[in-house]
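Participant: Sequence order for the protein chains is A and B. For the first sequence, the working numbering assigns the number 1 to the initial residue and increments by one for each residue that follows. For the second sequence, the working numbering assigns the number 1001 to the initial residue and increments by one for each residue that follows. All C-beta atoms, glycine included, are put in the ideal place defined by N, C-alpha and C. Predicted model only: the values in this text are computed from it and were never measured. My questions will all concern the structure given below.
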Amino acid sequence: MMRPAILDDPKRELWLAWYATVGFYSLYTVVFFIITRTQPPGKPWYDPSQVVGWFAGRHDGLLIGFALIFVLGGLSATSLALITYSIRRMSVSRAFAYSYLILYAVAAVPGFLFICTAMTVGAMRPERSPALLQWLYDLAFLSFSGTMGVFLIGSLIWMTAILLDKNHVFPKWFGYLNLCNALTEVVVAPSWIFHEGALAWNGAIAWWINVVVFALYTGAFIYLLRSMILREDFGTGPLPGLDSKVWRTIVPVEATV
Amino acid sequence: MTRTTGERIIFWSLPAVAVVWIAAFFLFPGFVPPMSPKASPAQVAAFYADHTSRVRYSMILLNWFCVALIPILMLIVERMRLMAHRTPILRYCVIGVAAATPIAFLTATIFWLLAAFRPYRAPELTQLYNDLAWITFTCGVPFLVALCLFLAVAIYLDQQDTPVFPRWVGHCNLLIAIALVPAGFAGLTLSGAFAWNGFLSFWVKNLAIAAWLVVMAVVLGQAYARPRSAAEVTA
Chain A
1 MMRPAILDDP
11 KRELWLAWYA
21 TVGFYSLYTV
31 VFFIITRTQP
41 PGKPWYDPSQ
51 VVGWFAGRHD
61 GLLIGFALIF
71 VLGGLSATSL
81 ALITYSIRRM
91 SVSRAFAYSY
101 LILYAVAAVP
111 GFLFICTAMT
121 VGAMRPERSP
131 ALLQWLYDLA
141 FLSFSGTMGV
151 FLIGSLIWMT
161 AILLDKNHVF
171 PKWFGYLNLC
181 NALTEVVVAP
191 SWIFHEGALA
201 WNGAIAWWIN
211 VVVFALYTGA
221 FIYLLRSMIL
231 REDFGTGPLP
241 GLDSKVWRTI
251 VPVEATV
Chain B
1001 MTRTTGERII
1011 FWSLPAVAVV
1021 WIAAFFLFPG
1031 FVPPMSPKAS
1041 PAQVAAFYAD
1051 HTSRVRYSMI
1061 LLNWFCVALI
1071 PILMLIVERM
1081 RLMAHRTPIL
1091 RYCVIGVAAA
1101 TPIAFLTATI
1111 FWLLAAFRPY
1121 RAPELTQLYN
1131 DLAWITFTCG
1141 VPFLVALCLF
1151 LAVAIYLDQQ
1161 DTPVFPRWVG
1171 HCNLLIAIAL
1181 VPAGFAGLTL
1191 SGAFAWNGFL
1201 SFWVKNLAIA
1211 AWLVVMAVVL
1221 GQAYARPRSA
1231 AEVTA
C-alpha cells in the first residue's frame, strides 16, 4: 500500500496545523465579508425597523455563513496550538505559552460563538418584534467588535515572550506589532459607549483601523509561523512508526513536555 | 507517586457523571420529545409555566456537570503524551478546544434557567431565551467537531508497535465529527431533519456525543489496563 508522503515528513503535525490555520482564516474572511456581509458591520444608530430591514437583506447569508462557522470554527485551535508551540521554543517560562493557549481558547466565545448564536437566532425568526431583533443585533456586534480583554492580554503575553526571547523564534518587530494589536482593543473600547462617529463600532477608528491592524497582524503571524516551521530542524533521526523503541529513546524531550 | 496518580479517580468519575447527564436529559421536559421550534410564543411561555421546577432541576444539574467533561478530556491529553508524535501540537489543539466544548452547554443552561426564572415574563421574551438556549445547545458543535478531528489525526499519526489508541478509534472520531455537522445548520429551518428537534440535529447529534463518550471511556479503560511500557514509567 502506498504510504502518503506527509506521514514520513518529520514536520507533519506542524504543517497540518498550519494549513488548517490558513483554511480557518480564509473561511472566517469569506463568511464575515462575503457570505453574511456582517463586515463591514451594520450601523449602530439603526432604529429597530431598520434593523429588521438589515436582517431581511441577509437572511440566507447569515444562516448559511454562520452555520459554516458553527461546524468548522473549532479549527481556530490549530493557530493557538502553533503559537503556543512557538512560545515554548522561546527562552521564557512555560507560563507564557500556557497563558496564551488558555486566553485564546476562551477568546473563541466573543470571537465567534456569540455573534454566530445571536445572528442565527435573529435571522431564524424574521417576524420577531423589532425591539428584540435590535437586542440581538447589539449583542452580535458588540460582542464581536467591542473590546475584549482576552485579545488584549493575549497579545501582551505573546509580545512579552517575543521581546524576552533570545532564541529568535519570532522577529522583534513582530513583538511590537503585537503591541499594535493590543492597542486596537483599547481603541475599540469606546464602541461600548458611542452610537455614531469615529469611535462607534463601525467608525473610522474603532472599525477601519482595527480591521487593517488585525489583517496585517494575522497575515504576518501566519507567514512567520510558516518561516518557523521551515526553520525547524528535527534532524534525520528515525521517524515515528519505523521503530518505536528507538523513537522513544531519541526524542524524549517532545515526548515528556 | 507516579505521573498517573489520581487519573483513575477521574476515570471512574465518568460513569457517575454519565448517569447525571442521562438523568438531566430525561428530567428536562423539553428533550423527550424535543420542543418544536414552531411553537408560538404563547406555547413556549406555557411550557415554562407548566414545567418550571423540572426545567430548573435538570438545568442546574446539567450546568454543574457539563463541565465535568474537561477532566475527562485531560485524561485523553495525558494519554496523547505517549503517542509517537514529534511535537505537542495536537495536544495543544485538544486543550485549545477542551475549555470551549462544555461552554456551549453551560451557556445553553443559563438561557434555559433564565426562561424558567420568570415564566410570567412577556411570552416573546421567554421565546427569545428559549431560542438562544436551543441554538446554543444545538449549533454549538464547533469545538466538538474539531476535538474529534484532532483526535482522529492524532491517532492516525501515532504509528508505533502498540499505539496509544487503536486505529478504529480514529475512524470512529471521524464518523462522529461527520454526524455532528448537520446540527450546525439547525438555524436554517423550523421543521424537518435539520431543525433543532429534527432527526439529524437532535437525535443523531446527541447519540453521536453519547457514542463518543462510550468509545473513549472504553479505550481509556483499556489503556489503563495495559501494563505500562518502560517509556511511560520513566517519563
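From the beta carbon of B:G1187, is the nearest beta carbon of chain A less than 9 Å away?
Facilitator: In the second sequence, residue 1187 of chain B corresponds to position 187, counting from 1. At least one chain A Cβ lies under 9 Å of B:G1187.
Participant: Which residues in chain A have a C-beta closer than 7 Å to the C-beta of B:I1103? List them in chain order.
Facilitator: Stepping through the second sequence from its first residue, residue 1103 of chain B is reached at position 103. Chain A residues near B:I1103: V109.
Participant: Excluding sequence positions up to five away, which residues of its chain have a Cβ less than 6 Å from the Cβ of A:M148?
Facilitator: Start at 1 with the first residue of the first sequence, and residue 148 of chain A comes out as number 148. The residues are P110.
Participant: Rounded C-beta distance between A:G146 and A:W208? I'm assuming under 8 Å.
Facilitator: Here residue 146 of chain A refers to the residue found at position 146 when the first sequence is read from its first residue. Here residue 208 of chain A refers to the residue found at position 208 when the first sequence is read from its first residue. With 8 Å as the limit, A:G146 and A:W208 do not qualify as a contact, their Cβ atoms being about 16 Å apart.
Participant: With 9 Å set as the bound, which would you pick, yes or no: does the beta-carbon of A:K166 sit closer than that to a beta-carbon of chain B?
Facilitator: Indexing the first sequence from 1 puts residue 166 of chain A at position 166. So no, A:K166 is outside the interface.
Participant: What does DSSP give as the partner residues of B:P1034 in its beta bridges?
Facilitator: As a working mapping, residue 1034 of chain B is identified with position 34 in the second sequence. Paired residue(s): B:F1031.
Participant: Looking at C-beta atoms only, is the number of pairs between the region 1056-1074 of chain B and the region 33-51 of chain A that lie closer than 8 Å three or more?
Facilitator: Because the criterion of three Cβ pairs below 8 Å is not met, the region 1056-1074 of chain B and the region 33-51 of chain A do not touch.
Participant: The region 1083-1100 of chain B: which residues have C-beta closer than 9 Å to a C-beta of chain A, in chain order?
Facilitator: Cβ contacts with chain A: M1083, A1084, H1085, R1086, T1087, P1088, I1089, L1090, R1091, Y1092, C1093, V1094, I1095, G1096, V1097, A1098, A1099, A1100.
Participant: Let me know the secondary structure DSSP gives A:R128 once reduced to three states.
Facilitator: On the first sequence, position 128 is the one that residue 128 of chain A refers to. Three-state DSSP puts A:R128 in coil, outside helix and strand.
Participant: Output the boundary residues of the alpha helix (DSSP H) element that contains A:E196.
Facilitator: Counting from 1 along the first sequence, the entry for residue 196 of chain A is found at position 196. Run containing A:E196: none; DSSP gives neither H nor E here.
Participant: Run through chain A and tell me which residues come within less than 7 Å of B:A979, C-beta to C-beta.
Facilitator: Given that chain B is displayed from residue 1001 to residue 1235, the structure contains no residue 979 of chain B and the question cannot be resolved.
Participant: At which residue ranges does the region 130-183 of chain A contain complete alpha helix (DSSP H) runs of 4 or more residues, listed in the order of the chain?
Facilitator: DSSP runs (the alpha helix (DSSP H)) wholly in the region 130-183 of chain A: 130-145, 149-164.
Participant: Check B:A1116 in the structure and name its three-state DSSP category.
Facilitator: Here residue 1116 of chain B is taken as the residue at index 116 of the second sequence, counted from 1. The answer is helix: DSSP assigns B:A1116 an H, G or I state.
Participant: Is the shortest distance between the beta-carbon of A:L80 and the beta-carbons of chain B less than 9 Å?
Facilitator: Here residue 80 of chain A corresponds to residue number 80 of the first sequence, with the count starting at 1. It does; some Cβ of chain B falls within 9 Å.
Participant: Quick one: is B:D1050 near chain A, going by C-beta distance under 9 Å?
Facilitator: Position 50 of the second sequence, counted from the first residue, corresponds to residue 1050 of chain B. So, not an interface residue.
Participant: Name the chain A residues that come within less than 9 Å of B:V1153, Cβ to Cβ?
Facilitator: Residue 1153 of chain B sits at position 153 when you count from the first residue of the second sequence. Those are E13, L16, listed as they occur along chain A.
Participant: Anything in the region 163-189 of chain A with a Cβ closer than 9 Å to a Cβ of chain B? List those residues in chain order, please.
Facilitator: Result list empty, no residue passes.
Participant: Below 6 Å CB to CB, which residues in the same chain sit around B:E1124 once its five sequence neighbours on both sides are set aside?
Facilitator: For the purposes of this step, residue 1124 of chain B is taken as the residue at position 124 of the second sequence. Contacts found: P1041.
Participant: Drop a sphere of 10 angstroms on the beta-carbon of B:Q1222, count the other beta-carbons inside from all chains shown, and report buried for 16 or more, exposed for fewer.
Facilitator: As a working mapping, residue 1222 of chain B is identified with position 222 in the second sequence. Classification for B:Q1222: exposed.
Participant: Does DSSP classify A:N202 as helix, strand or coil?
Facilitator: In the first sequence, the residue the question calls residue 202 of chain A occupies position 202. Looking at A:N202 - three-state DSSP - the assignment turns out to be coil, as it is neither helix nor strand.
Participant: Taking the C-alpha atoms as reference points, what is the distance between A:G203 and A:S143?
Facilitator: Indexing the first sequence from 1 puts residue 203 of chain A at position 203. Indexing the first sequence from 1 puts residue 143 of chain A at position 143. Going by the C-alpha atoms only, they are around 16 Å apart.
Participant: CB-CB under 7 Å to A:V211, same chain, minus the five flanking residues each way: which ones, in chain order?
Facilitator: Here residue 211 of chain A refers to the residue found at position 211 of the first sequence. Closer than 7 Å at the Cβ level, and outside the excluded window around A:V211, lies no residue.
Participant: Pairs of beta-carbons, one from the region 73-91 of chain A and one from the region 1090-1098 of chain B, closer than 8 Å: are there three or more?
Facilitator: Touching, yes.
Participant: For B:A1084, which residues from the same chain have a beta carbon less than 7 Å from its beta carbon, with the 5 sequence-adjacent residues on both sides left out?
Facilitator: Stepping through the second sequence from its first residue, residue 1084 of chain B is reached at position 84. Result list for B:A1084: D1158, Q1159, Q1160, in chain order.
Participant: Could you check if B:F1137 is buried or exposed, using at least 16 other CB atoms within 10 Å of its CB as the buried criterion?
Facilitator: On the second sequence, position 137 is the one that residue 1137 of chain B refers to. It is buried - the Cβ of B:F1137 has at least 16 other Cβ atoms within 10 Å.
Participant: List the residues of chain A whose Cβ lies closer than 7 Å to the Cβ of B:F1143, in chain order.
Facilitator: If you number the second sequence from 1, residue 1143 of chain B lands on position 143. Going along chain A in sequence order, the residues near B:F1143 (Cβ under 7 Å) are G74.
Participant: Going by CA-CA distance only, name the one from A:Y19, A:R58, A:K43 that's closest to A:R37.
Facilitator: By 1-based counting over the first sequence, the position of residue 37 of chain A is 37. It is A:R58 whose Cα lies nearest to the Cα of A:R37.
Participant: Rounding to the nearest angstrom, what Cα-Cα distance links A:W158 and A:M90 in this structure?
Facilitator: Taking the first residue of the first sequence as 1, we reach residue 158 of chain A at position 158. Taking the first residue of the first sequence as 1, we reach residue 90 of chain A at position 90. Roughly 11 Å separates the two Cα atoms.
Participant: Which residues in the same chain have their Cβ closer than 6 Å to the Cβ of B:L1132, if we skip the five residues on either side of it in sequence?
Facilitator: By one-based count along the second sequence, residue 1132 of chain B stands at place 132. So the qualifying residues of the chain are F1111.
Participant: Name the residues in the region 84-95 of chain A whose C-beta lies less than 7 Å from a C-beta of chain B; which are they?
Facilitator: Correct list: T84, Y85.
Participant: Got a sec? Which residues, its chain only, sit under 6 Å from B:A1115 by beta carbon, not counting five neighbours each side?
Facilitator: As a first step, residue 1115 of chain B is located in the second sequence; it is residue number 115 there, counting from the start. Y1048, T1126, Y1129, N1130.
Participant: For B:F1199, count neighbouring Cβ atoms within 10 angstroms of its own Cβ and tell me buried if that reaches 16, exposed if not.
Facilitator: Against the second sequence, residue 1199 of chain B aligns to sequence position 199. Label assigned to B:F1199: exposed.
Participant: A:S244 by DSSP, collapsed to three states: which one?
Facilitator: Working through the first sequence from its first residue, we reach residue 244 of chain A at position 244. With a pLDDT of only 47 at A:S244, under 50, the local geometry of the prediction cannot be trusted, and the value read off the model is given with reservation. Looking at A:S244 - three-state DSSP - the assignment turns out to be helix.
Participant: Leaving aside the five residues before and after A:F96 along the sequence, list all residues of the same chain whose C-beta is less than 6 Å from its C-beta, in chain order.
Facilitator: Taking the first residue of the first sequence as 1, we reach residue 96 of chain A at position 96. Closer than 6 Å at Cβ, skipping near neighbours: I87, I157, A161.
Participant: Our contact map puts A:P44 next to A:E196 with C-beta atoms below 8 Å; I'd like the distance itself, whole angstroms only.
Facilitator: Taking the first sequence and counting its residues from 1, one reaches residue 44 of chain A at position 44. Taking the first sequence and counting its residues from 1, one reaches residue 196 of chain A at position 196. Correct: roughly 6 Å between the Cβ atoms.
Participant: So which of A:L82, A:M124, A:R94, A:I83 has the shortest CA-CA distance to B:A1195?
Facilitator: Locating residue 1195 of chain B in the second sequence gives position 195, counting from the first residue. Comparing Cα-Cα distances from B:A1195 to each of A:L82, A:M124, A:R94, A:I83, the minimum goes to A:M124.
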